[in-house]
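Under full-length UniProt numbering, the first residue of the sequence shown carries the number 1, and numbering increases by one thereafter. Since the structure comes first, as structure tokens, the remarks are kept for the end.
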Amino acid sequence: MTRSSPPGLLRPDDVSVVTVGSKLYGIHCASCHGTSLEGQAEDWQRRDAEGFALAPPHDATGHTWHHPDRLLFDITKVGVGVAANLPDYKTRMPAFEGVLGDDEIVAVLSFIKAQWPDDIRRSHDLLNERDAVTSR
Numbered sequence: 001m002t003r004s005s006p007p008g009l010l011r012p013d014d015v016s017v018v019t020v021g022s023k024l025y026g027i028h029c030a031s032c033h034g035t036s037l038e039g040q041a042e043d044w045q046r047r048d049a050e051g052f053a054l055a056p057p058h059d060a061t062g063h064t065w066h067h068p069d070r071l072l073f074d075i076t077k078v079g080v081g082v083a084a085n086l087p088d089y090k091t092r093m094p095a096f097e098g099v100l101g102d103d104e105i106v107a108v109l110s111f112i113k114a115q116w117p118d119d120i121r122r123s124h125d126l127l128n129e130r131d132a133v134t135s136r
């Protein structure tokens, strides 16, 4: 099935971008989010003993696809607390600004989206369309 270009920043249908993203995900993300995007724990929505958020899954069971591309990009680049204006949010996920370039962040997120089932990808595309309208 040939898809039209989805709205948003991510490029899940660009094989070269997804290939780069897969490698970067393996280096920077898989140790917490899992090699199969499964997350840190089955009950990932709880906090650990120190009050830190667990690493959520990025597969269809998680909530990554509930957020538009821009927010996913910002969370990855500057961290959850800054991106979501939650200064007291406790997470062990670092901000990747200075570690990954913008194109590399897009590649990682594109790899993640490329793993989602078609129905979730379509839903995420619609979310990006709505986000683009409200951002104008």
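Ideal Cβ positions, reconstructed from N, Cα and C, are used throughout, including at glycine. Model, not experiment: these values are computed from the prediction.
For Phe111, the closest of His58, Val99, His67 and Glu42 by C-alpha to C-alpha distance is His58.
With fewer than three CB-CB distances shorter than 8 Å, the segment 25-44 does not count as touching the segment 118-132. Cβ neighbours of Pro56 within its own chain (closer than 8 Å, five residues either side excluded): His33, Gly39, Gln40, Trp44, Gln45, Gly62, His63 and Thr64.
Between the alpha carbons of Arg92 and Val78 lies a distance of about 13 Å. At a Cβ-Cβ threshold of 8 Å, Leu9 and Asp69 count as neighbours.
For the pair Ile105 and Phe73, the CB atoms are nearer than the 8 Å cut-off.
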